[in-house]
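All remarks here apply to the structure that follows.
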Amino acid sequence: MSETIGFLEPRQAVLDRRLEIIADLADLLPEGSLISDERGLKPFETDAFLAYRRIPLAVALPETTEQVAAVLKYCSRYGIPVVPRGAGTSLSGGAIPQEDAVVVGLSKMSRILDIDLFNRAATVQAGVTNLNISEAAGADGFFYAPDPSSQLACTIGGNIGMNSGGAHCLKYGVTTNNLLGVKMVLFDGTVIELGGKALDAPGYDLVGLVCGSEGQLGIVTEATVRLIAKPEGARPVLFGFDSSEAAGSCVADIIAAGIIPVAIEFMDKPAIEICEAFAQAGYPLDVEALLIVEVEGSEAEMEAMLRSIVEIARRHGVKTIKESQSALEAALIWKGRKSAFGATGRIADYICMDGTVPLSQLSHVLRRTGEIVAGYGLRVANVFHAGDGNMHPLILYDINDPEDAARAEAAGNDILKLCVEAGGCLTGEHGVGIEKRDLMRYQYSQADLDQQMAARAAFDPHWLLNPSKVFPLEGRPAA
Amino acid sequence: MIVHFEPPSEEGIASVVRSASAERVALSIVGGGTRTGLGNPVRAARTLSTRRLSGIVTYNPSEMTMSALAGTPLSEIEAALEAKGQMLSFEPMDHRPVFGTSGEPTIGGVFAANVSGPRRYVAGAARDSLLGLRFINGRGEAIKAGGRVMKNVTGLDLVKLLAGSHGTLGILTEVTFKVLPSPPAAATVVVSGLNDAEAAAVMAEAMAQPAEVSGAAHLPESVRGRVIDGALPEGAATVLRLEGLADSVALRAQGLSEAIARFGPVSQLDTAQTKRLWADIRDVKPYADGTTRPLWRVSVAPSAGHQLVAALRLQTGVDAYYDWQGGLVWLRMEADPEAELLRRYVRAVGGGHATLLRAGEDERARIPAFEPQPAAVAQLSERLRASFDPSRIFNPGRLAAIA
Ligand SMILES: Cc1cc2nc3c(=O)[nH]c(=O)nc-3n(C[C@H](O)[C@H](O)[C@@H](O)COP(=O)(O)OP(=O)(O)OC[C@H]3O[C@@H](n4cnc5c(N)ncnc54)[C@H](O)[C@@H]3O)c2cc1C
Ligand SMILES: Cc1cc2nc3c(=O)[nH]c(=O)nc-3n(C[C@H](O)[C@H](O)[C@H](O)COP(=O)(O)OP(=O)(O)OC[C@H]3O[C@@H](n4cnc5c(N)ncnc54)[C@H](O)[C@@H]3O)c2cc1C
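Top to bottom, those sequences are chains A and B.
With our numbering, the residue at position 264 of the first sequence is 264, and numbering never jumps.
Positions in the second sequence are counted from 1; adding 1000 to them yields our numbering.
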């Protein structure tokens, strides 16, 4: 397809030294931890933002923090760009490499180091998957709260890179609110430890700055995260509405009433149909919009909360209410929602937007989103975290039709502009990556961006860590 | 002679900063004048106060967000929130009782010092509620970071970085933060007569229950009588707070009491008593004695708090109480020099940090208020600081040993 998003020009000096670099890196790593043949490199050419692909120079798969440090020290010495990578499920192109870059993949660092129930903390290597943490603590009645739909695959390192969220973040917060500390390697190979089981470390909140920094400040090799005691019970309930607007204003009213369920997820008709066809979750097909509201606590608490929520839903003309009657039904309801992206991917190519808007703007932005996408002659399915205003319009298109792809990208840009104009932001949980990089000026002035870039340079003065991402290519400081 | 500036606008602040930067004259950043004792003393020829940059800009109770100018008195914000049944979830402590100051704390000062109270260990610190801000950097430029929505990964999170930076990276001019509905009811489950180690075990047990405990503190016998006018039952008090709807609080209090009854005699406090108790714990009432005797605020893993105190007691007299499930230790010691001893023991129990919260002028001049950082982190912090304030004019010395 035609590419509208540019990458930095590969450094010829690096490309020229390719074989030497590969030989040197191989010396720093154990057998079988360096990939440099074309077939081996292919799986690393992109992430879940499939429209862009670049074969990297090499892929290093270190097994220890020391090996990560050795690789970074080498790359910093010779001015070689590095792209950190977890599972490669980024939806914004955050993990897409470039021709002159060494990908440092954390997949071999996948050990859980310590589950400390007394202090409610888990320390894990960066390549551990999100779900693994909850599974490791589950038998003892604890879990790790942020739950991206990709949790089976995505790594905690990637979650930190993107400050990932999930359906249950309405109550428990996103990654940054659940991250206690990191061990991380700076680009010059220095290993630092930030935060830990003691709260409120003195000095600057570097853990907070690193979270969501999209692999530009260093490579995280270990993380300490908060574990939370599982609630007594949890129950998702389905609410069907005759219009998206009614569902949207119902969400705003639930929050306004001071009720904070664990999750409020939204699906419009196209999304309901796609998910139901895939997961047979029992979603009603005769409604225009669906809310999944999950409450938790004791039986009595859930009853009380649901009573108030049902009352509000009635005021908004709710058409169907369906309570899950068993654990199996509850799991099915979530399976439908969590497979939304995968199910959509089976019927069409899509790009997933991630703008976040104030709740009062939800209905307006939903309506305008529909109009914008229709204006480009395309279709859209909406499935998203409504409780915190984090929208995910999936714009359906054909990746093999360059014009279609260009229209999808243009529609996406219009939607993100709309989100910013409505008082929101470009991305709530998927990150800027390359996808929204050139839109950063919608949200920030040059002075704002300059300040962020100056902070970035304090970590990576020569702009070699994930260098093509996040900040528009023009207007960067001279490295 | 110290020159004092109180610009009434963001642009006014920017212009004071620009001239200070051009002349390379240091500025001491002042909010309400209530946390004079926090951090190392600042030496600066000019002070800049945000006092006149005051007022709530927007408050959307239905979206649970508020924006306010940095110099807005905290009391004005809390009153506006209370009128709508909402609150700041991080319970900022009032430093006036311990410092013996009388000014009006500002919301800018609260976020600049990341001031957080008992709920912090479950609901997050001030920084977790902060959604967006405007600030003036050391070049005198107005910078915007974050926004007013709950989820935002658009670029680097300068919001977190500025929170707790004690005015050394920029002068906050406007802050936007999340608020939460105030729980209509609260209760405190009290277990009496436990020693520090037993208390730590009970608090950990309580946190493993699905009871949603939102405060876990231990007040040894020496401290117990100095909160809520001595109304707690005889013996050391391990206190566990529950908040929410009245029915739910009652149910959870009952469940929790049963789960921990085997540890010792259990009693309960009602909503009103609970509010007073946790305000006293938050504001360090037991040590707000009108003196400047050194007071330490030590943050360690919850399991290590009592170990630290026990180890110190083998060396010297220690008076202490615990918040945050045992991970926040407020302590006074009789040793001298106490800083080295304390910081060495903190490292020995697994690491954390001891902050000298209050002390006389002599001690403050001698002892770095904040735990010194490892060299690599200090250097990184210094580079970061230079990227915001290249001529190093903001609050010089405040974070000595940090950056
Ligand atoms: C003329 C004059 C009058 C004074 N009057 C009084 C008085 O009446 N009562 C009194 O107690 N003291 C008074 N002081 C002392 C002065 O207020 C303290 O020395 C001041 O340094 C402490 O700030 P604070 O407690 O207001 O900061 P807080 O508002 O409590 O802030 C704490 C920390 O955050 C920083 N900070 C505060 N606001 C911001 C912001 N918007 N952006 C970035 N950082 C910020 C501060 O620098 C400090 O490090 C006065 C000083 C002068 C020069
Ligand atoms: C089907 C599907 C559903 C999804 N659902 C959600 C959702 O509900 N919520 C959500 O927030 N996201 C969701 N995502 C997006 C994605 O899963 C998250 O962004 C995830 O955190 C990425 O993790 P990863 O391990 O795949 O990281 P990658 O994609 O490999 O990398 C992500 C970013 O982090 C950096 N990075 C990776 N590891 C490290 C490290 N160790 N140190 C430093 N930087 C590092 C990379 O350079 C890159 O910038 C979804 C994706 C898919 C495909």
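Backbone N, C-alpha and C fix where the C-beta goes; we use that ideal spot for every residue, glycine too.
All values reported here derive from a predicted model rather than from experimental measurement.
Sub-7 Å separation of residue i and residue j beta-carbons
i	j	result
residue 1127 of chain B	residue 1091 of chain B	no
residue 1166 of chain B	residue 1343 of chain B	no
residue 23 of chain A	residue 34 of chain A	no
residue 1357 of chain B	residue 1293 of chain B	no
residue 128 of chain A	residue 59 of chain A	no
residue 1305 of chain B	residue 1327 of chain B	yes
residue 1151 of chain B	residue 429 of chain A	yes
residue 309 of chain A	residue 293 of chain A	yes
residue 232 of chain A	residue 298 of chain A	yes
residue 357 of chain A	residue 419 of chain A	yes
residue 1074 of chain B	residue 1048 of chain B	no
residue 92 of chain A	residue 433 of chain A	yes
residue 248 of chain A	residue 362 of chain A	yes
residue 1146 of chain B	residue 1193 of chain B	no
residue 1160 of chain B	residue 448 of chain A	no
Given residue i as reference, the closest of the options once Cα atoms are compared
i	options	result
residue 188 of chain A	A/420, A/470, A/459	A/459
residue 1338 of chain B	B/1350, B/1324, B/1326, B/1354	B/1354
residue 1348 of chain B	B/1063, B/1134, B/1309, B/1241	B/1309
residue 234 of chain A	A/461, A/323, A/209, A/277	A/323
residue 454 of chain A	B/1100, B/1334, B/1169, B/1311	B/1169
residue 1210 of chain B	A/301, A/249, A/197	A/301
residue 90 of chain A	A/279, A/457, A/439, A/164	A/164
residue 1109 of chain B	B/1121, B/1279, B/1276, B/1130	B/1130
residue 262 of chain A	A/279, A/173, A/352, A/216	A/173
residue 16 of chain A	A/94, A/77, A/99, A/138	A/99
Residue range of the alpha helix (DSSP H) that includes residue i
i	result
residue 407 of chain A	402-421
residue 299 of chain A	299-315
residue 345 of chain A	340-347
residue 1271 of chain B	1271-1282
residue 159 of chain A	156-162
residue 231 of chain A	From DSSP, residue 231 of chain A is part of no alpha helix (DSSP H); its letter is neither H nor E.
Opening and closing residue of the beta strand (DSSP E) in which residue i lies
i	result
residue 1192 of chain B	1185-1192
residue 364 of chain A	Careful: residue 364 of chain A lies outside any beta strand (DSSP E), inside the alpha helix (DSSP H) at 362-375.
residue 1355 of chain B	1352-1358
residue 51 of chain A	Residue 51 of chain A -> no beta strand (DSSP E), and no H or E assigned at all.
residue 1141 of chain B	No beta strand (DSSP E) holds residue 1141 of chain B; DSSP gives it neither H nor E.
residue 384 of chain A	379-385
residue 9 of chain A	No beta strand (DSSP E) contains residue 9 of chain A, which DSSP labels as neither H nor E.
residue 184 of chain A	179-185
Proximal chain B residues relative to residue i, where beta-carbon distance stays under 7 Å
i	result
residue 429 of chain A	1151, 1153
residue 208 of chain A	1127, 1157, 1160, 1161
residue 184 of chain A	Chain B residues near residue 184 of chain A: none, gap ~11 Å exceeds 7 Å.
residue 202 of chain A	1353, 1355, 1370, 1371, 1402
residue 390 of chain A	1151
7 Å Cβ cut-off: residues of chain A touching residue i
i	result
residue 1209 of chain B	229
residue 1137 of chain B	451
residue 1330 of chain B	Within 7 Å Cβ-Cβ: nothing; residue 1330 of chain B doesn't reach chain A, min ~14 Å.
residue 1143 of chain B	447, 448, 451
8 Å Cβ cut-off: residues of chain B touching residue i
i	result
residue 458 of chain A	1380, 1383, 1384, 1386, 1387
Residue i: CB within 6 Å of a non-hydrogen atom of ligand 3
i	result
residue 47 of chain A	Only ligand 1 and ligand 2 can be found as ligands here, which leaves ligand 3 out of the picture.
Contacts that residue i makes with chain A (C-beta to C-beta distance below 8 Å)
i	result
residue 1324 of chain B	199
Closer than 8 Å, Cβ to Cβ, to anything on chain A: give me those residues from the stretch 1105-1130 of chain B, in chain order. 1114, 1116, 1120, 1121, 1124, 1125, 1127, 1128
Give the residues from the stretch 282-302 of chain A that approach chain B closer than 8 Å (Cβ to any Cβ), ordered along the chain. 297, 298, 300, 301
Under 9 Å, CB to CB, which of the residues in the stretch 105-137 of chain A have a partner in chain B? 116, 117, 118, 119, 120, 121
Determine which residues of the stretch 1342-1376 of chain B have a Cβ less than 8 Å from any Cβ of chain A, and write them out in chain order. 1350, 1351, 1352, 1353, 1355, 1370, 1371, 1373, 1374, 1376
Which of the residues in the stretch 1283-1308 of chain B, read from start to end, lie with their CB under 7 Å from any CB of chain A? 1299, 1300, 1301, 1302, 1303
Beta carbons nearer than 9 Å to chain A: which residues of the stretch 1233-1267 of chain B have them? 1244, 1245, 1247, 1248, 1251, 1252, 1255
Can you give me, in chain order, the residues of the stretch 303-334 of chain A that have a beta carbon less than 8 Å from any beta carbon in chain B? 304
Could you name the residues of the stretch 432-445 of chain A whose beta carbon sits closer than 8 Å to any beta carbon of chain B, in the order they occur along the chain? 432, 436, 440, 443, 444, 445
Compile a chain-ordered list of the residues in the stretch 348-362 of chain A whose CB is closer than 7 Å to at least one CB of chain B. 356, 357, 358, 359, 360
By the 9 Å beta-carbon criterion, what residues does the stretch 253-287 of chain A contribute toward chain B? 253, 255, 256, 257, 258, 259, 260
Contact set between the stretch 1037-1071 of chain B and chain A, restricted to residues whose Cβ is under 8 Å from the partner: 1060, 1061, 1062, 1063, 1064, 1065
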